[in-house]
Structures are given as C-alpha cells and as structure tokens.
Amino acid sequence: MALTQGTKKKVCYYYDGDVGNYYYGQGHPMKPHRIRMTHNLLLNYGLYRKMEIYRPHKANAEEMTKYHSDDYIKFLRSIRPDNMSEYSKQMQRFNVGEDCPVFDGLFEFCQLSTGGSVAGAVKLNKQQTDIAINWAGGLHHAKKSEASGFCYVNDIVLAILELLKYHQRVLYIDIDIHHGDGVEEAFYTTDRVMTVSFHKYGEYFPGTGDLRIMAKVMETYQPSAVVLQCGADSLSGDRLGCFNLTIKGHAKCVEYIKSFNLPLLMLGGGGYTIRNVARCWTYETAVALDTAIPNELPYNDYFEYFGPDFKLHISPSNMTNQNTNDYLEKIKQRLFENLRMLPHAPGVQAQAIPEDTVQEDSGDEDEDDPDKRISILAHDKRIACDEEFSDSEDEGQGGRRNTTSYKKAKRAKTDEEKDGEEKEVKEEDKGAVEEKMDTKSTKEELKTV
Ligand SMILES: [Zn+2]
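Going by my numbering, the letters in the sequence shown line up with residues -13 to 435, in that order.
The following block contains the structure:
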C-alpha cells in the first residue's frame, strides 16, 4: 500500500474532549488534564490540519476482558467514591485505593484511554494509516487482575492483541522512565511480541545517541508493526522522574523508530511536569507529521503554564551523566549476546483472522455522534473544575505533597478568540473524514498469546 511518499506519513490521532476532566484527586501527580493541554497546544500550532482527528469509542468490558480478568473489570465498572466502603476487600485484592485511587468516572477514563489505543490498532490493521497516536494511552503498569502505578486497564496490551490479528510479530518499545512491566508480563511467554523497555537503571537510549541496539532488534526480530510508549517522565525536570532528557532527545526515539517505515502506534504514558508533557507530545506529534514547528509557543488556552520563557523546547539540567561509556558499552555487548541467542524472526502458524474489535457506541447520551470526526475545539470549551488547572500544586522534587493552595491558572478566553477558533474549526470540518465504526462483535477469542 502506497500511503508513504518519502518520509511523509499519514497520521490518525485519537482524542476525546472529556478526557481532561477526569481527576485522580488532590495531590495526585497523574493529571489527565495534560492530555487536554497537549491537544490544545498542537491545535494552536495548526497540526490538526495535517492529520485526521478521531474521537475514540469507549472500549467496553468485553473488549477489556480480552486480557483482563472478568472479576477485575466488573469491579472497575462498579466501584465509585460513594460506594467504596462496600468494596474494601476487593480494593485490596485489586490494588485500588492509594497510588491507584477511586475517582469519579474512573471506568469511563479507562474506556477512553483503551478505546483510542485499540481503535488506532484497528486503523493500522486496515492499512488506513501509517501512524496512529493516542496520548491518553500508554498505561503500561496495569496487570491482568490488578491496578498498578496509576494504571488500571492496560490499553497497550489490548492494542497489541488487536495488532496480532494481522501481524506475526509486534515490537513494543517503552521510553517511560519506569519499566513497562505490565506489557512485558502479558507477553512473557510468546515470541510474537518483543518488549524493549528503556528505563531507570540501564537507560541509555537515546541519551548517548547510540541507536545500534534498536537496529539490531529490528534486524533480528523483523517486526511488522511497532508500538511506541512515549512516557514523558523521562524528561529533564519531571516531578517524579529523575532523567535528564530534552524533548529533542526524547523525540529522537520517535524519529528513529519512524524511520523503519513500519505501521506505528504511538502512545502516551507517564509524565508529571505537565507543561513539559504537553510540550513533548506536541513536538512528537509534529515529528510524526514531518512538520517543523517554531520554538516560540503559539497562544493557547494554557499559555501561562509555559512561562517564563514560553518556548517549546527545554534545557537539560547540569546533573552528571552517570552512564559512563564503559558501562554503556558493557550493557550493549550483553544485549547483543542476548539477541544472538534469540531465534531469528520467529514465525507463527497460519490461522483464521479474528474479527476486528467491537467499536460500537457506548450508549453515551452525549449529543455528539461518536461516528463522526470530532469537531475539534468544541469539547475543549467545557468548563472543568478548578483543581484541573493546578499544575503548580506540587511539582517539586520527591513525590506527593498534600498542598491545598491551588493556583488557578485558567484564563477566560475573550469572545474574539473563541470566534476565531470556531471559524477555523468549521472550515476544517468541511473536509472532515468520517470514520465508519465497525460494530460487529468479536466472536472468536484470540488464542495466540
Ligand atoms: Zn513512568
């Protein structure tokens, strides 16, 4: 299929305007609001003109139990802040309560995050795009029957299962500062998925610019699709992470992986200094689109978050790089050894292709038709609770603090600005591509992993 001309790729992007409204709770570092900030920033850079934007369906329990256990998903559907006391035993069993709190709309949040990743995988399977992006996805710690590390439903595992319906071998790469343990665990016993996680203790990709490891992985494993988790907590100055990557360094991974010209699913993940998350994922969207964007940030709804410099790129700190060349060389040699011992491009027996995952309307009473391309800015106009805009809350070093002094950074838009945006969107919508969602149900269980 000749979607690709030169390096220009077709990109489909998944976003739901509600996703920024979910709130893990006061003092919790995970802020879905960062996804809305990213979206707003990339809109104001004009990137929406170059890609198709879709509102994801809400993945249902049936889709989620392709990996997760029935009782765990049933629990996630049932638990609410007002009925928590009835579930204390299950909360313990499923590790929900502390790092992974119960919050309003928790299950819906999981549905949107998962819906975008699975829909992106289906789009890639149908060869209707080169790259699919879901910044609300990438929740790599979730286990089959357990929440972990701010993650409840593992959208990545579910998206990879979808890709495996059409692809013999899928490569998963993870550049979050944390180990992609949930994804690794899910595919530990199959050679149809290779997981490569660059994380704290041993991370050196792409910090040193040595990309030969990934070249070797590609050569040995020969995947036909790649999933890239772009966790942004590996950036310099992250509230939880302690790496020193610049946005350009982080995005080098995207650039490099993209250069292999394989179907690519790009997902979010960690990232707790949310102004930098928005910067990073905006820039990486531009990289996916092969579009240069200026370092000077355009005016956007969250402009004041980006002060004092109002620039796209960040500078690394002066921390010492403790990854000595000697140490990196040793790790590299060990990795090459390991790769040599793996079978070259393991095959899989031919089998019937299961149907594409359900993408039906969730019964959401929303006035919007979910089969339609999202009207880009309409959703961002909803008013969220003030806590959503509390970037300054506690972004210092060393985990959470229960600070109550939120800075209300949201600035009301002038009518002029709103009018301008609406006009722009309407023009865009004329050429909008509508997505026909597949509503067939999956009859066959995937038995390959
Ligand atoms: Zn992380």
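C-beta atoms are modelled at their ideal positions from N, C-alpha and C, and glycine is treated no differently. Model, not experiment: these values are computed from the prediction.
query, result
"Less than 8 Å between the C-beta atoms of residue 277 and residue 36, yes or no?", "yes"
"Is residue 164 close to ligand 1? I mean its beta-carbon at under 7 Å from any heavy atom of the ligand.", "yes"
"Would you tell me roughly how many angstroms separate the C-alpha atoms of residue 294 and residue 58, rounded to the nearest one?", "45 Å"
"Would you call the segment 258 to 274 and the segment 215 to 225 in contact, with 3 or more CB pairs under 8 Å?", "yes"
"Counting C-beta neighbours from all protein chains within 10 Å, is the total for residue 46 16 or more, i.e. buried, or is it exposed?", "buried"
"Please determine whether the Cβ atom of residue 101 lies at a distance below 7 Å from any heavy atom of ligand 1.", "no"
"Would you call residue 67 buried or exposed, if buried means 16 or more other Cβ atoms sit within 10 Å of its Cβ?", "exposed"
"Confirm the yes/no value for this check: CB of residue 223, any heavy atom of ligand 2, distance under 7 Å.", "As presented, the structure is devoid of ligand 2, carrying ligand 1 as its sole ligands."
"Between the alpha carbons of residue 12 and residue 136, how many angstroms are there, rounded?", "14 Å"
"Taking buried to mean at least 16 other C-beta atoms within 10 Å of its own C-beta, is residue 339 buried or exposed?", "exposed"
"Report yes if the CB atom of residue 441 is closer than 8 Å to the CB atom of residue 202, and no otherwise.", "Residue coverage of the chain in this structure runs from -13 to 435, which leaves residue 441 outside it and unanswerable."
"Cα-Cα, which of 116, 134, 152 and 123 is closest to residue 247?", "116"
"For residue 207 and residue 180, which I take to be in contact (beta-carbon distance under 8 Å), what is that distance rounded to the nearest angstrom?", "5 Å"
"Indicate, with yes or no, if ligand 1 has a heavy atom lying under 7 Å from the CB of residue 219.", "yes"
"Classify residue 97: buried if its beta carbon has 16 or more other beta carbons within 10 angstroms, exposed otherwise.", "buried"
"Cβ of residue 254 within 7 Å of any heavy atom in ligand 1?", "no"
"Rounding to the nearest angstrom, what Cα-Cα distance links residue 62 and residue 75 in this structure?", "14 Å"
"Mark residue 40 as exposed unless 16 or more other C-beta atoms lie within 10 angstroms of its C-beta, in which case mark it buried.", "buried"
"Just curious, the beta strand (DSSP E) that residue 181 is in, first and last residue?", "179 to 183"
"Which of helix, strand or coil does DSSP assign to residue 96?", "helix"
"Could you say which of 255, 87 and 5 lies nearest to residue 213 if we only look at CA atoms?", "255"
"Check whether the segment 138 to 145 touches the segment 47 to 56, counting contact only when three or more Cβ pairs, one atom from each stretch, lie closer than 8 Å.", "yes"
"Helix, strand or coil: how does DSSP classify residue 137 here?", "strand"
"Go ahead and label residue 330 buried or exposed: buried means 16 or more other beta carbons lie within 10 angstroms of its beta carbon, across all protein chains shown.", "exposed"
"Less than 6 Å between C-beta atoms, sequence neighbours within five positions excluded: which residues of the same chain meet that for residue 1?", "25"
"In three-state terms, what does DSSP make of residue 62?", "helix"
"If you run the structure through DSSP and keep just helix, strand and coil, what is residue 312?", "helix"
"Whose C-beta lies closer than 7 Å to the C-beta of residue 260 among residues of the same chain, with five residues either side of it excluded?", "17, 19, 20, 23 and 377"
"Under 8 Å between the Cβ atoms of residue 243 and residue 250?", "yes"
"Identify, in the order they occur along the chain, each residue of the same chain with its Cβ nearer than 7 Å to the Cβ of residue 285, setting aside the five sequence neighbours on each side.", "30"
"Excluding the 5 residues preceding and the 5 following residue 381 in the sequence, name in chain order all residues of the same chain whose CB lies nearer than 6 Å to its CB.", "The predicted model places residue 381 with a pLDDT of 45, which falls under 50 and marks its position as unreliable, so this point remains unresolved."
"Per the DSSP calculation, residue 212 is bridged to which residue(s)?", "157 and 250"
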